[in-house]
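Colleague: Sending over a structure as structure tokens; questions will come in a sec.
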Amino acid sequence: MNLTLKIWRQKDKATPGKFETYDAKDISPDMSFLEMLDVVSERAQANGQEPCAFDHDCREGICGMCSLVINGVPHGPEAATTTCQLHMRKFKDGDNIVIEPWRASAFPVLRDLVVDRSAFDRIQQKGGFVSINTGGTPDGNAIPISKKEADLAMDAASCIGCGACVAACKNASAMLFVGAKVSQYMHLPQGQAERSRRVLAMVEQHDAEGFGACSNFQECEAVCPKEISVRVIAEMNRDYLRAALVGTDA
Amino acid sequence: MSITLDSKTPTGPLAQQWDTHRFNLKLVNPANKRKFKVIVVGTGLAGGSASATLAELGYDVHTFCFQDSPRRAHSIAAQGGINAAKNYQNDGDSVYRLFYDTIKGGDYRARESNVYRLAQVSTSIIDQCVAQGVPFAREYGGNLSNRSFGGAQVSRTFYARGQTGQQLLLGAYSALSRQVGLGTVKMHNRSEMLDLVMVNGHARGIVTRDLVSGKIETFAADAVVLATGGYGNVFFLSTNAIGSNVTATWRAHKRGALFANPCYTQIHPTCIPVSGDHQSKLTLMSESLRNDGRVWVPLEKADVGKDPRQIPEAKRDYYLERIYPAFGNLVPRDIASRAAKRMCDEGRGVGPGGLGVYLDFSDAIKRVGKHVISERYGNLFEMYQRITDESPYEVPMRIYPAVHYAMGGLWVDYNLMSNLPGLHVIGEANFSDHGANRLGASALMQGLADGYFILPYTIGNYLATSGQKKVTGDEPEFKAAVADVQKRVASLLAVKGKRSPSSFHRELGKLMWDNCGMARNAKGLQEALDRIPSLREEFWGNLNVLGDGDSYNVALEKAGRVADFMEFAELLCRDALTREESCGGHFREEYQSETGEAERNDEKFTYVAAWNYTGDVSKPELIKEPLIFEEVHPSTRSYK
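From first to last, the protein sequence lines stand for chains A and B. Residue 627 in this note's numbering is what sits at position 127 of the first sequence, and the numbering runs on without skipping anything. Residue 1728 in this note's numbering is what sits at position 636 of the second sequence, and the numbering runs on without skipping anything.
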């Protein structure tokens, strides 16, 4: 297949960026989207152009490092799929493809298609954990957990922290990301002791990082490569309200 | 100057060794711990868990990763599960059985004492992870669920759907995040270690490059911990993440750390076959699939190109069930991989290039129903379909072996310290526990055992007894190491040739896979040893890295890693040539039985091959650590 790519190029955080156009000729439909970019970069390099920087690592859809807004959609046109698992057979010969970084003020562009997502780490550091040290824990079977609750926790815990939810949201809200972590612990007995404190602290940090509020458009759920349900936002809101009213000791 | 290795292996009854050893370790006074600074490089299961635990104990921890967040480390991609000798299923498991299975699975090329300790602490890992809120699979009664996995005849594997590595890593990441929030760990993301700094014969710091700004920095400490994973990407195509590399351990090797058993590389039997020259990585399909899938190839070559659904039962060769009736489709990884290769070598392989075998779920779907199979493997089937455009519910999967894990790594003693005082190595980066072959679901176990329950004790002994003066980073050794790194970065940029770093990596990888892959022989290895130095010469004469060193430069990052693979590859081949036997993941064609099974040579090769850098990468010195078996008797591994 032959394609035309419009790729966002930006030297660093301080320099304004712009779109540049690349011809992608003889692309195999069996390539992944990132392999297609590898090939285009390799050819550009041979012509004296610096390769385009984009984040990627595991290339099997689990590390959450790859990103890219492809034709306006985070992670591109295939549902429940990260960019690294998107294959070129989902495009047609002659297509124009516009490739942009995640756009959000809380995710500043570092270079080309690479953004700084350390805001997610800082939110996690405020409460995305159970405060126990290594050692001295009870036997794993000492706390029975119903399969239903364990499954709900696992559904939420499968978030890969990629940030597509933010990129899709017109408010650049990270409520799906925060909700997923809050929900995971909410459904487990281990998470109860810090339940109120956690939700208040994580939401406070979310707001401080410059992410917007949720206005229930559910674009985040539509683009989430792990199909995290907006149920987690509802659960988080309920817990937040409860914690705000009754305080962190309850 | 020759080195004598002291493994510091305890004596006395196996079951009490770790207890006795821990008692004999010197402790650091709780009030003094904050005065000791520890550098941890890497944030996978080993590095993440070690960073969190050391900080909880009170040490001043500085942790580094090259990714944008510690949560990205490649441990996250492990699918199947984690072993522990809990015996929750009441099927006869025990610490001793897990120890025995692991040492046998490793083809008797690991230390008894290390492996026994691993089995002992395995049970604490599960408790720890549950307490952290890791959502392991549960039974309806609320208890933890187990499955049998990768060649084990008991159900001792704990799992979280097909994302066990992810959930365990996020558990360690949550513990690490808590410490970062408390200010006890300083986290350095997008920061790559490029050298180790030795002062007065002790490891005292590292040199890093900030991958965003290009700034070269030094960090001084009282001890250094490498948790930088394996070197599978020396083969270019592997199941490793694109960024996984050998640089940190190789740089430490060139500063004097011994590299042990580099030829022990694991080829995983169930990966999606290569589809074309553009391929950048290979994707693993969890071997838990072999619990329900049946592996076969057509009985006759003539049927190879046919639609597999049209090939009648009588014309199929379920070769694992035929050759290994006791273990069938569940034989260990090395056995399954080589059997697949033999079928393809016979011309009975399927798919592009004849490099594939079928993994068929139709019987399982008939037996338990599509919904049960979907519940067990749904996410894996979807992943397979995204990549190949075929549905495993309808058509048998095609799989082929791929490079997956490195059993070899930097040599460490029982305290997980290398031969360089102060330099500790944990997780896949060390060589210690898996011998010549790792069993399924044991990598997660070892990473977390090292990080949560072993290193945090043993490093205290070093800190309490090393008697070294504080360093600031201004010492001449630091300045010299920075100058070396700067020179190296500049020389990569200065070549200004024609070929990209990736093109060299691809060529090196192909050479390694062809000559030092699933089956090796003296002629092929010698050929690789002849060709690698000339490829390296071409690399340094014709490399093309655009841009500069003072900014975000992806080609420069890649070039540095490829440069180290170019040197390391030679050591791997040399180790493979020297080891004139077949054991575990190392298969030498000259040493096999009439039926093609591996033949060990215990008399000559029951040792750890630890290689010392002599100043010339082509002339390393071999130092042997003899392996002594007092508890188990090395026997021929039979899965028939």
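Cβ atoms here follow ideal geometry from the backbone N, Cα and C, with glycine treated the same way.
Which residues in chain A have a C-beta closer than 7 Å to the C-beta of Pro1513 (chain B)? List them in chain order.
Modeller: The residue labelled residue 1513 (chain B) in the question sits at position 421 within the second sequence. Within 7 Å Cβ-Cβ: nothing; Pro1513 (chain B) doesn't reach chain A, min ~25 Å.
Colleague: How many angstroms separate the CA atom of Leu1508 (chain B) from the CA atom of Ile1518 (chain B)?
Modeller: The residue given as residue 1508 (chain B) occupies position 416 in the second sequence. The residue given as residue 1518 (chain B) occupies position 426 in the second sequence. Approximately 7 Å between the Cα atoms of the pair.
Colleague: Within the same chain, show all residues whose beta-carbon is closer than 7 Å to that of Val678 (chain A), passing over the 5 residues directly before and after it, in chain order.
Modeller: Locating residue 678 (chain A) in the first sequence gives position 178, counting from the first residue. Around Val678 (chain A): Ile623, Met702, Val703, His706, Met736.
Colleague: Taking C-beta pairs closer than 7 Å, name the residues in chain A that Ile1334 (chain B) reaches, listed in chain order.
Modeller: Mapped onto the second sequence, residue 1334 (chain B) falls at position 242. Those are His556, Asp557, Arg559, listed as they occur along chain A.
Colleague: Exposed or buried, which one is Pro1548 (chain B) when buried takes at least 16 other CB atoms within 10 Å?
Modeller: In the second sequence, the residue the question calls residue 1548 (chain B) occupies position 456. Pro1548 (chain B) should be labelled buried.
Colleague: Is there a Cβ of chain C sitting closer than 8 Å to that of Ile507 (chain A), yes or no?
Modeller: The chain inventory of the structure shown lacks chain C, comprising the protein chains A and B.
Colleague: According to the Cβ coordinates, are Leu1555 (chain B) and Tyr1469 (chain B) closer than 8 Å?
Modeller: Translated into positions along the second sequence, residue 1555 (chain B) becomes position 463. Translated into positions along the second sequence, residue 1469 (chain B) becomes position 377. Not in contact: Leu1555 (chain B) and Tyr1469 (chain B) (Cβ atoms no closer than 8 Å).
Colleague: Can you tell me whether Ile1174 (chain B) sits near the ligand SAM, meaning its C-beta is under 7 Å from at least one heavy atom of the ligand?
Modeller: In the structure shown, the ligand SAM is absent, as is every other ligand, since no ligand is present at all.
Colleague: Return the bridge partner residues of Met1509 (chain B) from the DSSP annotation.
Modeller: As a working mapping, residue 1509 (chain B) is identified with position 417 in the second sequence. Answer is B:His1516.
Colleague: Which residue or residues does DSSP assign as beta-bridge partners of Met1290 (chain B)?
Modeller: Taking the second sequence and counting its residues from 1, the one referred to as residue 1290 (chain B) is at position 198. B:Ala1295, per the DSSP bridge assignment.
Colleague: Within the same chain, show all residues whose beta-carbon is closer than 7 Å to that of Thr1256 (chain B), passing over the 5 residues directly before and after it, in chain order.
Modeller: Sequence index remark: in the second sequence, residue 1256 (chain B) carries index 164 (1-based). Cβ within range, chain order: Ala1170, Gln1171, Gly1172, Gly1173, Ile1174, Leu1536.
Colleague: Would you mind giving the Cβ-Cβ distance between Asp1314 (chain B) and Val1130 (chain B), rounded to the nearest angstrom? I have them listed as a contact below 8 Å.
Modeller: For the purposes of this step, residue 1314 (chain B) is taken as the residue at position 222 of the second sequence. For the purposes of this step, residue 1130 (chain B) is taken as the residue at position 38 of the second sequence. Contact flag correct, Cβ pair sits at about 7 Å.
Colleague: Can you tell me where the alpha helix (DSSP H) with Leu1663 (chain B) in it begins and where it stops?
Modeller: Here residue 1663 (chain B) is taken as the residue at index 571 of the second sequence, counted from 1. Where Leu1663 (chain B) is concerned, the enclosing alpha helix (DSSP H) stretches over 1646-1670.
Colleague: Hey, is Ser715 (chain A)'s beta-carbon within less than 8 Å of any beta-carbon in chain B?
Modeller: The residue labelled residue 715 (chain A) in the question sits at position 215 within the first sequence. False, the Cβ-Cβ gap to chain B never drops below 8 Å.
Colleague: What three-state label does DSSP hand Phe1453 (chain B) in the structure shown?
Modeller: For the purposes of this step, residue 1453 (chain B) is identified with residue 361 of the second sequence, where counting begins at 1. Phe1453 (chain B) falls in the coil class under three-state DSSP.
Colleague: Just checking my contact of Ala1528 (chain B) with Gly1324 (chain B) at CB under 8 Å: how many whole Å lie between their CB atoms?
Modeller: As a working note, residue 1528 (chain B) is residue 436 in the second sequence. As a working note, residue 1324 (chain B) is residue 232 in the second sequence. Actually they do not touch by this definition, with Cβ atoms about 15 Å apart.
Colleague: Taking the C-alpha atoms as reference points, what is the distance between Leu533 (chain A) and Leu586 (chain A)?
Modeller: The sequence position of residue 533 (chain A) within the first sequence is 33, counting from 1. The sequence position of residue 586 (chain A) within the first sequence is 86, counting from 1. Per the sequence shown, residue 533 (chain A) should be read as Phe rather than Leu. Answer to the nearest angstrom: the Cα atoms are 6 Å apart.
Colleague: Ala1701 (chain B) and Arg1671 (chain B): beta carbons closer than 8 Å?
Modeller: Stepping through the second sequence from its first residue, residue 1701 (chain B) is reached at position 609. Stepping through the second sequence from its first residue, residue 1671 (chain B) is reached at position 579. Yes, Cβ-Cβ distance for Ala1701 (chain B) and Arg1671 (chain B) is below 8 Å.
Colleague: What alpha helix (DSSP H) runs, 4 residues minimum, are completely inside the region 505-572 of chain A?
Modeller: As far as the region 505-572 of chain A is concerned, its whole alpha helix (DSSP H) runs of at least 4 residues are 533-546.
Colleague: Which residue marks the beginning of the alpha helix (DSSP H) containing Glu649 (chain A), and which one marks its end?
Modeller: The sequence position of residue 649 (chain A) within the first sequence is 149, counting from 1. Run containing Glu649 (chain A): 647-657, per the alpha helix (DSSP H) assignment.
Colleague: Count the other C-beta atoms from every protein chain shown that fall within 10 angstroms of the C-beta of Thr1480 (chain B), then say buried if there are 16 or more, exposed otherwise.
Modeller: Locating residue 1480 (chain B) in the second sequence gives position 388, where the first residue counts as 1. Looking at its Cβ environment, which holds 16 or more other Cβ atoms inside 10 Å, Thr1480 (chain B) is buried.
Colleague: Just to confirm the assignment, what range does the alpha helix (DSSP H) spanning Met1435 (chain B) have?
Modeller: Locating residue 1435 (chain B) in the second sequence gives position 343, counting from the first residue. Where Met1435 (chain B) is concerned, the enclosing alpha helix (DSSP H) stretches over 1425-1437.
Colleague: Would you mind sorting Leu1451 (chain B) into buried or exposed? The rule is 16 or more other CB atoms within 10 Å of its CB.
Modeller: The sequence position of residue 1451 (chain B) within the second sequence is 359, counting from 1. It counts as buried.
Colleague: Quick one: residues in its chain with C-beta nearer than 7 Å to the C-beta of His1725 (chain B), no 5 flanking neighbours on either side, listed in chain order?
Modeller: To locate residue 1725 (chain B), count along the second sequence from 1; it is residue 633. Excluding residues within five positions, none has a Cβ falling inside 7 Å.
Colleague: State the Cα-Cα distance for the pair Lys1562 (chain B) and Ala1223 (chain B), rounded to the nearest angstrom.
Modeller: The residue given as residue 1562 (chain B) occupies position 470 in the second sequence. The residue given as residue 1223 (chain B) occupies position 131 in the second sequence. Distance between the alpha carbons of Lys1562 (chain B) and Ala1223 (chain B) is about 37 Å.
Colleague: For Phe519 (chain A), tell me which candidate among A:Val598, A:Asp555, A:Glu535, A:Lys590 has the shortest Cα-Cα distance.
Modeller: Reading the first sequence from its first residue, position 19 is the one you call residue 519 (chain A). Checking every option, the nearest Cα to that of Phe519 (chain A) belongs to A:Val598.
Colleague: Our contact map puts Leu1318 (chain B) next to Leu1502 (chain B) with C-beta atoms below 8 Å; I'd like the distance itself, whole angstroms only.
Modeller: Walking along the second sequence from the start, residue 1318 (chain B) turns up at place 226. Walking along the second sequence from the start, residue 1502 (chain B) turns up at place 410. Confirmed, about 7 Å.
Colleague: Let me see if you follow: with CB-CB separation under 8 Å, is Lys1196 (chain B) close to chain A or not?
Modeller: Taking the second sequence and counting its residues from 1, the one referred to as residue 1196 (chain B) is at position 104. So no, Lys1196 (chain B) is outside the interface.
Colleague: Would a check of beta-carbon distances place Glu600 (chain A) closer than 8 Å to chain B?
Modeller: By 1-based counting over the first sequence, the position of residue 600 (chain A) is 100. False, the Cβ-Cβ gap to chain B never drops below 8 Å.
Colleague: Is the distance from the Cβ of Asp555 (chain A) to the Cβ of Ser567 (chain A) below 8 Å?
Modeller: One-based indexing of the first sequence puts residue 555 (chain A) at position 55. One-based indexing of the first sequence puts residue 567 (chain A) at position 67. Cβ distance < 8 Å, so Asp555 (chain A) and Ser567 (chain A) count as in contact.
Colleague: Going along the chain, which residues of its own chain have a beta-carbon closer than 7 Å to the beta-carbon of Gln1684 (chain B), five neighbours each way excluded?
Modeller: Within the second sequence, numbered from 1, the residue matching residue 1684 (chain B) stands at position 592. Result list for Gln1684 (chain B): Ser1674, Ala1690, Glu1691, in chain order.
Colleague: Which residues in the same chain as Val723 (chain A) place their Cβ atom closer than 8 Å to its Cβ, once the five residues preceding and following it in sequence are excluded?
Modeller: Counting from 1 along the first sequence, the entry for residue 723 (chain A) is found at position 223. Around Val723 (chain A): Val573, Pro574, His575, Ala664, Cys665, Ala667, Ala668.
Colleague: What number of angstroms, rounded off, separates the C-alpha of Leu613 (chain A) from the C-alpha of Pro1404 (chain B)?
Modeller: Taking the first sequence and counting its residues from 1, one reaches residue 613 (chain A) at position 113. Taking the second sequence and counting its residues from 1, one reaches residue 1404 (chain B) at position 312. If I take the Cα positions, the gap works out to 51 Å.
Colleague: If you draw a straight line from the C-alpha of Lys1732 (chain B) to the C-alpha of Ser1186 (chain B), how long is it?
Modeller: Working through the second sequence from its first residue, we reach residue 1732 (chain B) at position 640. Working through the second sequence from its first residue, we reach residue 1186 (chain B) at position 94. The alpha-carbon atoms of Lys1732 (chain B) and Ser1186 (chain B) are separated by roughly 23 Å.
Colleague: What's the C-alpha gap between Leu1260 (chain B) and Lys1590 (chain B)?
Modeller: Start at 1 with the first residue of the second sequence, and residue 1260 (chain B) comes out as number 168. Start at 1 with the first residue of the second sequence, and residue 1590 (chain B) comes out as number 498. Rounded to the nearest angstrom, the two C-alpha atoms are 43 Å apart.
Colleague: Using a Cβ-Cβ cut-off of 8 Å, state whether Val1646 (chain B) counts as contacting chain A.
Modeller: The count along the second sequence starts at 1 and reaches residue 1646 (chain B) at position 554. Closer than 8 Å to some Cβ of chain A, the Cβ of Val1646 (chain B) qualifies, so yes.
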